Amino acid sequence: MKTRQILLLIVVSVVLLSSCTTKKNSKQISSPNGSIVLTTFLSDDGKPGYEVTFDDGVVIDSSFLGYLLNDSINLTHQLKLDSVSNSTFNETWERSWGESRKVNNHYNQLTLNLSTQTSPFYNFKIVFRVFDDGIGFRYEIPKQAGLDSININKEETQFHLVGDLTAWWIPGDWESYEHLWTKSRLSEIDAGAKRNHPNLSCTLIPDSLAVNTPLTMEGNGYYLSIHEAELVNYADMTLHVDGQTHTLTSALVPWPDGIKVKTKTPMQSPWRTIEIVKEPGELIASNLIVNLNEPSKIENTDWIKPSKYMGIWWEMHIGKSSWAPTWNNPGATTENAKKYIDFASKHHIDGLLVEGWNTGWENWLDTATQIFDFVTPYPYFDIDEVIRYGKERGVNLIGHHETSGDVATYDRLMDSAYQYYEDKGVKYVKSGYVGDITPKQYHHSQWMVNHYLRAVTKAADHHIMLDVHEPIKATGLRRTWPNLLSREGLRGQEFNAWSETNPPSHTATIPFTRMLGGPVDFTPGIFNIKFNEYKKDKQVNTTLAKQLALYVVIYSPVQMAADLPEHYEKHLDAFKFIEDVPVNWEQTKVLNGAVGEYVTIARQERGTDNWFIGSITNEEGRDFDVPLNFLQEGNYKAVIYSDGPDAHWDKNPVSYTIDSLNVTNKDSLHLKLAQGGGAAIALFHQ
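Numbering-wise, the sequence shown is residues 698 to 1383 according to this note's numbering.
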């Protein structure tokens, strides 16, 4: 061996040894199945840290934790470990709606009790939970002398990754999540290039190296997704990326004065979560996020019902009608609502959303406040007649609260607005927060996080279910407040009508990124793919069959049949899948998948032996053989909605075929997906 090589080995050995000796009070805990091992430690100067291995390989290297509080309290170093406690928890709980009826919640827990070494003395905890598919950890600061009110100036949470991983990311925007995902190496992230997006109602990206969560990444033989759970009374966590050291650091969205979180002791932070799996489909199947939330605070959930709905909505986006009477032909008329109700009733769709029914839309998105009172209809919309007509035909009105960002007014009028709907028997409300927030706050700040939760809890008081657009991101609160059915929180279908449109890869990325936080109101079901009679330069970049598949692939307990009745009338054979597909599931199986490329998901209808499959692809055509070994015993009738042999997302998007055949759990289905296409399959147990 050459002298230079010997010296190099000596240097490496010294570095490794010195690295080991800087850690003390090391504690270790593993996942129930032993695949994930978490090691905590204190450095020589009292910095608390952790490391994570998966299948004996390091996935999170030495990463440090802590807080800077009240301008002078430093809980990041010179700490001592007072005590450690361990526990194990294992339960199976049942949810009233979701991707599966039963959820296993099994973890091992390690709690570190830490304190400062010098006066004034303060203590806090870091609680770690290790599951078979990832970890969660959070900070807890108990009530103690000299620490009543807390201003969090900085949260120092690190995720030191091993290598320059491939990531799917959106910018750390303080106002909007409505960006397309970018695939790049960590070292190549440049969120600043996403600034000044022309089609966002508001946006602020102050850090060109910050990204939002969930942040999904691919390592060497594993996948990671970093997010948070139980975001309550706290600021949204973005992640600052150091591409050279491959280290992510928490960066909280502040109040306008720069303080990140204002609270009192006792205080608990949200859970910082890291899903760790071998295959990307396992990210979709994970229940880690919901398991880190508290059980339901609503004792009787019988009134909470998943639903499919139509809407006087898409026609405004494509320009057939408008929200405001002064803009164009208003869509929210009594006559138009009855037309939608007739179609919905005939095809077993039990809800109708009407936007633009209440006065104030002519001033929408201007700088005025108190635009909406949420209870006064325009003269051409008879809300009582629409409700009566719908109830006779089994179609419920879905209410709408667009705040135009004027949250101060909405807070003041929220009770009366909910009461108005409750008195009329309306049980669903879609809310919206388009535009800058009044008073001056950021959409993702602690102040707005608290508002969103306040809206959900008040809605529960009135037995109202919510679908929130322009929301705070989903972090599993649907477990605690199951009336929070769905939310947007991504670049949705409507961007196809008035932006540069969504590429075919967009919907193949959603299940592995945004959907990991919770249900997504993406508004699928557009059949008039090229709406040339309204906007010749816009279209939806999928095939019609892929639009059907999205009802299974992108999960929501409220699913919209988003297109116009006249467009569905031309393809009633394909619309039959939308009629049949459920919105509540017994169990879910992810059959294959690659982030941003393709995914195939099978879901069993709640309370039956029927199954539904959705398979989608990006710009690339694909062939799959899908084994049906997940089916129960017996015979099934498979109805297969496929791309036609000449289908293409741009050249021929409305080409599709419908085939029926008898199958059992010993059979396989061969699926051929067109470029930008998909397949939807209904499997009825005979």
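Think of the CB as a built atom: it goes at the ideal place given N, C-alpha and C, for glycine as much as any other residue. On a predicted model such as this, the values are computed, not experimentally measured, just so you know.
Assign residue i to one of three DSSP states: helix, strand, or coil.
i	result
Asn988	helix
Ile973	strand
Gly1311	strand
Thr1031	helix
Lys1155	helix
Leu883	helix
Phe1209	helix
Gly889	helix
Ala864	strand
Ser966	coil
Asn917	coil
Gln725	strand
Leu1150	helix
Thr944	strand
Asp1039	helix
Pro817	coil
His1367	strand
Gly1008	strand
How would you label residue i, buried or exposed, when you count the other beta carbons within 10 angstroms and need 16 or more for buried?
i	result
Trp968	buried
His924	buried
Phe1209	buried
Trp918	Note on residue identity: the sequence assigns Gly, not Trp, to residue 918. By the 10 Å Cβ count, Gly918 comes out exposed.
Gly1028	buried
Leu1358	exposed
Gly1375	buried
Gln1138	buried
Glu1302	buried
Thr718	Any reading at Thr718 must be qualified, since the residue scores a pLDDT of 39, below 50, and its modelled position is unreliable; the value itself is stated next. So Thr718 counts as exposed.
Phe1272	buried
Ser780	exposed
Tyr647	Limits of the chain in this structure are 698 at one end and 1383 at the other, which puts residue 647 out of reach.
Thr944	buried
Asn1055	buried
Thr1100	buried
Glu689	In the structure as shown, the chain begins at 698 and stops at 1383. Residue 689 is therefore absent and cannot be evaluated.
Ser728	buried
Ser947	buried
Pro1279	buried
If you follow the beta strand (DSSP E) that residue i is part of, which residue opens it and which one closes it?
i	result
Asp741	First-last for Asp741: undefined, no H or E at that position.
His1382	1375-1382
Ile823	820-828
Ser846	846-852
Gln1217	Here the sequence assigns Val to residue 1217, which means Gln is not the residue at that position. That residue, Val1217, is in no beta strand (DSSP E); it is neither H nor E in DSSP.
Phe856	855-858
Glu925	920-926
Thr935	934-939
Gly1096	1093-1099
Arg1184	1181-1184
Glu837	831-838
Pro1324	1319-1324
Lys1363	Note, Lys1363: premise wrong, no beta strand (DSSP E); not H, not E.
Asp1133	Premise fails: Asp1133 is in no beta strand (DSSP E) and is neither H nor E.
Leu1163	1162-1165
Thr960	958-961
Residue range of the alpha helix (DSSP H) that residue i falls in?
i	result
Ala1194	1192-1195
Asp1120	1104-1120
Thr1085	Checking the sequence shown, residue 1085 turns out to be Arg, not Thr. From DSSP, the alpha helix (DSSP H) with Arg1085 extends over 1080-1089.
Trp1011	1011-1015
Please look up how many angstroms separate the CB atoms of residue i and residue j, rounded, as I've assumed it's under 8 Å.
i	j	result
Thr1031	Asp1079	5 Å
Asp1164	Tyr1125	7 Å
Met1013	Glu1052	7 Å
Asn1326	Asn1362	5 Å
Gln806	Asn820	Not a contact, Cβ separation roughly 19 Å.
Ile1048	Ile1095	One point to set straight first is that residue 1048 is Gly, not Ile, in the sequence displayed. Confirmed, about 5 Å.
Gly1132	Leu1062	5 Å
Asn1238	Asn1199	6 Å
Ala926	Leu989	4 Å
His1140	Trp871	7 Å
Gly916	Leu883	That pair is no contact at about 11 Å.
Gln1190	Ile1226	Contact doesn't hold; Cβ gap of about 12 Å is too wide.
Worksheet item: Can you give, in chain order, each stretch of the alpha helix (DSSP H) that sits fully within the segment 1228-1312 and has at least 4 residues?
Response: 1241-1250, 1262-1266, 1269-1277
Fill in: Unbroken stretches of the beta strand (DSSP E), 3 residues or longer, contained in the segment 730-813
733-740, 745-751, 754-761, 764-766, 776-791, 799-813
Worksheet entry | Within the segment 1327-1359, ranges of the beta strand (DSSP E) (whole runs, at least 3 residues) | 1333-1340
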